[in-house]
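Only one structure is covered here, and it is reproduced in the block below.
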Amino acid sequence: MHRPIEDYALIGDHQTSALVSRDGSIDWLCLPRFDSAACFAALLGDEENGHWRIAPKGEDGPCTRRAYRPRSLVLDTVWETATGTVRVTDLMPQRDRCPDVVRIVEGLDGEVTMRSTLRLRFDYGSVIPWMRRSDGHRVAVAGPDSMWLRSEPEVRTWGKDFGTHAEFTVGKGEKVAFVLTWHPSHEPRPPQCDPHKALADSLEDWQAWADRCRYKGPYADAVLRSLITLKALTYAPTGGIVAAATTSLPEEIGGVRNWDYRYCWLRDSTLTLGVLLAAGYHEEAKAWRDWLLRAVAGSPGDLQIMYGLAGERRIPEYELPWLPGYADSPPVRIGNEAVQQLQLDVYGEVVDSFMLARQAGLPPKPHAWQVQLRLLEFLESVWRQPDSGLWEVRGPRRHFVHSKIMVWVAADRTVRALEADPRLRGDINRWRAMRDAVHREVCERGYDPERGTFTQSYGSRELDAALLLIPRVGFLPPHDPRVTGTIEAVRKELAHDGFLRRYSTDDETNVDGLPGGEGAFLACSFWLADALHLTGRTQEARELFERLVGLCNDVGLLAEEYDPVHRRQLGNFPQAFSHIGLVGAAFTLFGTEEAG
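Per numbering that gives the first Met the number 0: the sequence shown = residues 0 to 595.
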């Protein structure tokens, strides 16, 4: 039986991350980077595809309780058994050289016999490594990968059924620490990590980082947990932020809408930058802005919608036939073919990010303005073309209204920059003319006067939750009847038990070219809360926000989507876009209030 997505918690070291279930099993871990091959892939298959469980012997179910240590990404999992109480503390310390997974078992009361079962499977569960002993440690090697398992004090281990097993007893106050370390197999063994020092240092680092948070309003714990999650999804060497820690968690159980989200999307740029700046994390905002500038460097015609962690452009998509998928939801995909799509909205997102960075006083980059002008010049030549839209549909290209609105944003932000700063050089009349032309066309071709709403694409009757962003980006004022009409129409037609779908996936329109459906999209539901507030319906907005925060799992994490019928999370996990939506909505709704 598969574990619900919301049963997992996240640990990480700012370069990769792992998912730990409520029963003490690490079922997903990619090493050495977020986008590397997994050595634990039970999440998308079963235990034979790799996992590491530490739990009381004979306890097959979930823990009694678990929680992160305050203001950190250090996870405590507690079992209360018939013979005593035990805690397992999981973390991945910030690495000096190679990644470590640290698991510390501590007796809290009585005496508990523990069992550790480690099954390493490199290359997404397909390769069983060769195991041997060395100086009392277990060493696994296969091809380019090598891993060392050790314990303090040393615990006897044995091999069985292509796994490494251990059994030991802890009494009150006793501790047994395990460290699992990865390194390239052709290199010497890395220095050993002191697990107890790593725990103390990690807590100190995380709590110092958390103390910088500016948000003091209601739901402060949920906001801080979301910010910690965004930090955990950041690839520290470059500042890039991955969309999620996983690949191929389905948007519909048994469906085929399974994608790899372990990359960095340009469209997240403005919203990400906004929440980081609002929360006081200027260093992270600057690192993200700098990653963005490096990623988009080159010919504007070659701009991609996503890049690798360091700005890599090649992200080929392929399937792993040996993995059955989460809850038998194949295929399992690696890479993302959407990287080849034309999505006009990303130009607006990038230009908007540049303006936000200037307004926030981030240290200027001399070439940023020239990059912006080159992007706009290219956009001027292509904006009348159909595209694949922000949802990366795999059906035919269309004239998506949101895409055109973001083209308007690109022109508008450039005009505003020229108006505000006489030191900048550019043809302001040219960009005003482009801005006006886009606005006029969207209002003429993207609006349905009979129904009083903007539509998903020119000439269609379908709607799109992205239209809720119209007042937020300033395309029209919040109280314009066309805006309020659109909000009501989207809320009515895309409703899913009080939350929102992105768009209709019924068989008649088949806008995305895929079979099946999906759950409510959490970021869109946060956008609805924003839009309601902007149009003066603040009480409704706050009630919706409270319902959305209530969907967080027991440790405060959100996936991409939610299934209101079966009351479970869906899609890749944890999802940066969902947590960005939570933080952004909190600042919109409560940013001037103090927590009571």
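Don't be surprised by glycine CBs; every beta carbon is placed ideally from N, CA and C. Keep in mind it's a predicted model, so treat the numbers as computed, not measured.
**Report entry** Residue nearest to E186 in terms of C-alpha spacing, selected from E153, G142, V169
**Finding:** G142
Query - Under 8 Å between C-beta atoms of A326 and H1 - result: yes
Query raised in the report: What is the DSSP secondary structure of H13, reduced to helix, strand or coil?
Result: coil
Query raised in the report: Going by Cα to Cα distance, which pick from D12, G239, P128 is closest to A197?
Result: D12
**Report entry** Assumed close pair G347, V406 - CB separation to whole angstroms, cut-off 8 Å
**Finding:** 6 Å
Query raised in the report: At a cut of 8 Å, does the region 70-77 reach the region 134-152 through at least three beta carbon pairs?
Result: no
Query raised in the report: Between the beta-carbon of M305 and the beta-carbon of L270, is there less than 8 Å?
Result: no
Query raised in the report: Which term fits V564, buried or exposed, when burial requires 16 or more other beta carbons within 10 angstroms of its beta carbon?
Result: exposed
**Report entry** Span separating the alpha-carbon of V295 from that of V77
**Finding:** 46 Å
Query raised in the report: In or out: Y317 buried (at least 16 other Cβ within 10 Å) or exposed?
Result: exposed
Report task. Would you kindly check if the distance between the Cβ of L341 and the Cβ of S387 is under 8 Å? Result -> yes
Report task. Along the beta strand (DSSP E) that carries Q568, what are the first and last residues, could you check? Result -> 567-569
Query raised in the report: Taking just the CA atoms, how far does C551 sit from R213?
Result: 22 Å
Query raised in the report: Among the residues of its own chain, which have a CB less than 7 Å from the CB of G279, if the five just before and after it don't count?
Result: R211, C212, R213
**Report entry** Span of the alpha helix (DSSP H), counted from its first residue to its last, around T156
**Finding:** First-last for T156: 156-159, but that is the beta strand (DSSP E), not the alpha helix (DSSP H).
Report task. Report the residue from V582, T591, Q574 whose alpha carbon sits nearest the alpha carbon of E5. Result -> Q574
**Report entry** For I127, the nearest candidate out of A81, N48, G484, P55 (CA to CA)
**Finding:** N48
Requested in this report: Check the DSSP bridge columns for D75 and list the partner residues they point to.
Outcome: A66, T88
Report task. Check whether the Cβ atoms of M91 and V104 sit closer than 8 Å, and answer yes or no. Result -> no
Query raised in the report: Does DSSP put E173 in a helix, in a strand, or in coil?
Result: coil
**Report entry** CA-to-CA distance, T452 to G497, given in whole angstroms
**Finding:** 20 Å
Report task. Give the C-beta separation of P329 and E592 to the nearest angstrom, bearing in mind that I take them to be a contact with Cβ-Cβ under 8 Å. Result -> The Cβ separation is near 47 Å, so there is no contact.
Query raised in the report: Near R397, which residues of its chain fall below 6 Å by C-beta distance, leaving aside the five closest residues on each side in sequence?
Result: P385, S456
**Report entry** Where D420 sits in the DSSP three-state scheme
**Finding:** coil
Report task. Would you check if the region 465-475 and the region 520-539 touch, i.e. whether three or more CB-CB distances between them fall below 8 Å? Result -> yes
Query raised in the report: Under the rule that 16 or more other beta-carbon atoms within 10 Å means buried, what is Q14, buried or exposed?
Result: buried
Query - Meets three-Cβ-pair contact criterion under 8 Å: the region 301-315 and the region 234-241 - result: yes
Query raised in the report: Taking the runs of the alpha helix (DSSP H) that are 4 residues or longer, which of them lie wholly in the region 467-500?
Result: 469-472, 480-492
Report task. Run the CB neighbour count on D301, radius 10 Å, all protein chains shown included, and call it buried at 16 or more, exposed below. Result -> exposed
Query - V350 vs A409 beta-carbon contact at 8 Å - result: yes
Query raised in the report: Touching or not, the region 28-47 and the region 117-137, by the rule of three or more beta carbon pairs under 8 Å?
Result: yes
Query raised in the report: In whole angstroms, what separates the C-alpha of M433 from that of E379?
Result: 7 Å
Requested in this report: Determine whether the Cβ of L319 lies closer than 8 Å to any Cβ atom of chain B.
Outcome: Of the protein chains in the structure, only one exists, and it is not chain B.
Query raised in the report: From I227, T88, G172, pick the residue whose C-alpha is nearest to that of A199; which is it?
Result: T88
Requested in this report: Over the uninterrupted beta strand (DSSP E) stretch that includes S24, give me the two end residues.
Outcome: 24-29
**Report entry** Ranges of the alpha helix (DSSP H) found wholly within the region 493-561, counting only runs of at least 4
**Finding:** 521-533, 537-548
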